[in-house]
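Notes follow the structure.
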Amino acid sequence: MKVRKFALADASFERSPGQDGDIFAANVIDQRHGGPITIGFGRYAPNQSLDEKLTVDDVMLVLEGKLSVTSSGSTVTAGPGEIVYMPKGETVTIRSHDQGAVTAYVTYPHWQEAHDAA
274 MKVRKFALAD ASFERSPGQD GDIFAANVID QRHGGPITIG FGRYAPNQSL DEKLTVDDVM
334 LVLEGKLSVT SSGSTVTAGP GEIVYMPKGE TVTIRSHDQG AVTAYVTYPH WQEAHDAA
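So that you can map any letter, position 68 of the sequence shown is 341 in the numbering used here, and since no number is skipped, the others follow by simple counting.
Here is the structure:
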């Protein structure tokens with residue numbers, strides 16, 4: 274695999290698996306490209322919520338808007354330029370605020386493979 278650069282314009286968003294809210298993911302690198310990690314963008318409409326038991330280690334960088342992540346009774350809120358790390362095995366609730374949010378993410382291993390196997 275060669276060095277590559279990606280922008281939001283390169284992303285093809287699809288509804289995140291297992292939910293019917295206005296939350297979308299767009300992998301730009303994943304198992305189809307031969308790398309060990311998945312890299313992509315996320316898009317959350319205003320005031321959306323996603324509950325997930327993580328089957329991968331997930332790193333999320335907030336590019337626009339604001340998100341809150343709750344796990345084990347504790348909540349962190351992140352805005353533009355801030356990173357949230359969510360370890361494998363945690364049960365999290367990710368909630369967007371009034372302005373929605375755009376994120377970039379990295380998962381190890383590939384979240385689609387882990388989600389399909391769960």
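Think of the CB as a built atom: it goes at the ideal place given N, C-alpha and C, for glycine as much as any other residue.
Being a predicted model, the structure only gives us computed values, none of them experimental.
Item, Value
"Which of the three DSSP states, helix, strand or coil, is assigned to residue 277?", "coil"
"For residue 304, which three-state DSSP category applies?", "helix"
"Could you work out which residue in 351, 323, 365, 374 is closest to residue 294 when comparing CA atoms only?", "323"
"Any idea if residue 320 is buried or exposed, counting beta-carbon neighbours within 10 angstroms, 16 or more meaning buried?", "exposed"
"Rank 300, 291, 290, 367 by C-alpha distance to the C-alpha of residue 280 and give the top, closest one.", "300"
"Please name the residue in 353, 342, 373 whose C-alpha comes closest to that of residue 359.", "342"
"Classify residue 318: buried if its beta carbon has 16 or more other beta carbons within 10 angstroms, exposed otherwise.", "exposed"
"Taking the alpha carbon of residue 329 as the point to measure from, which residue in 276, 277, 278, 378 has its own alpha carbon closest?", "378"
"Over the uninterrupted beta strand (DSSP E) stretch that includes residue 351, give me the two end residues.", "347 to 351"
"Does the beta-carbon distance from residue 376 to residue 333 come in below 7 Å?", "yes"
"My understanding is that residue 289 touches residue 296, with C-beta atoms under 8 Å, so please give their C-beta distance in whole angstroms.", "5 Å"
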